[in-house]
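Step one of this worksheet: look at the structure below.
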Ligand SMILES: [Cu+2]
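Residue numbers (my numbering): 109 to 321.
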C-alpha cells in the first residue's frame, strides 16, 4: 500500500504489485549505480602515473559491459510483467456481456456519464461488486479519465472510443480526475465516483429522469 489504494478489485491489486516491483527494481538499480560511482570515484581519483591512466582506460570498457548487462537483466525481468499488464485494461468477456456499460464524454473541463437508459450526469454512480465498462471519448481535446484509488484510467481521445473496466467490491466515494493536461481548467476537472450497494443502486437508477432522445 504505497499510496492508499482503496480497492480490493483484482486489477487494482495487480497494478499495485506491478508498481511495487518497479519501485523495488528501481531502488536496487539506484543503489548499485550510486555505490559503483562512489567506488570508482575513490579508485580512480586523480593520480599522475601513466600506469594509473592506462588502468582507468581499460576499466571504462568493463564499466560499459557491466552497465549493458545490468540494463539487459532488468529489461528481461520487467518485460514479462509489462506485457502481461497490457491485458489488464481489456475487459474480460463476462464484463462485456453482463457488465454495466456507461459512456463517458470528456470536455473542457468536465465529465459526462451517460447511462444505458439515456440519463446523463456529471458524477459516476455504480453498484458495488459489478463489472463496470466505461466507453470513453472526448468532445474537444485529449483528456484522460483517472480514478486514482482504483488504479483505473484511460485516455479520452476525440474521434475514438477507448474502453476501460473496473469492479469495485466496496461501497464508497472516490475521486475521478483528468490526468492529461487539457487547458487552463485542467486542475479543476474532477468529479466523484459513488459506489452504492446493488439494492441502493437499483432504487437510485429506477428513479432517474430519463433524458429525451
Ligand atoms: Cu482534461
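From the three backbone atoms N, C-alpha and C, an ideal C-beta is built for every residue, glycine too.
Nearest candidate by alpha-carbon position, reference residue i, set the options
i, options, result
"residue 296", "304, 285, 305", "285"
"residue 238", "290, 306, 171, 224", "306"
"residue 180", "137, 278, 245", "137"
"residue 145", "130, 161, 174, 158", "174"
"residue 301", "258, 149, 214", "258"
"residue 278", "220, 233, 148", "233"
"residue 216", "152, 288, 276", "288"
"residue 293", "219, 150, 263, 275", "219"
"residue 125", "271, 193, 171", "193"
"residue 322", "169, 225, 185", "Lying before the first or after the last residue shown, residue 322 is absent from the chain, which here runs from 109 to 321."
"residue 221", "247, 189, 196", "247"
"residue 121", "274, 157, 312", "274"
"residue 312", "223, 267, 207, 152", "223"
"residue 236", "281, 171, 168, 170", "281"
"residue 227", "271, 314, 176", "314"
Residue i: CB within 6 Å of a non-hydrogen atom of ligand 1
i, result
"residue 294", "yes"
"residue 251", "yes"
Paired residues, beta bridge with residue i - DSSP
i, result
"residue 212", "221, 244"
"residue 266", "246"
"residue 281", "302"
"residue 286", "253"
"residue 261", "254"
"residue 229", "221"
"residue 272", "242"
Residue span of the beta strand (DSSP E) that contains residue i, given as start and end
i, result
"residue 299", "298-304"
"residue 232", "232-235"
"residue 251", "251-255"
Limits of the alpha helix (DSSP H) - the one that residue i falls within
i, result
"residue 176", "158-194"
"residue 277", "Looking at the DSSP string, residue 277 is not in any alpha helix (DSSP H), and its letter there is neither H nor E."
"residue 206", "201-206"
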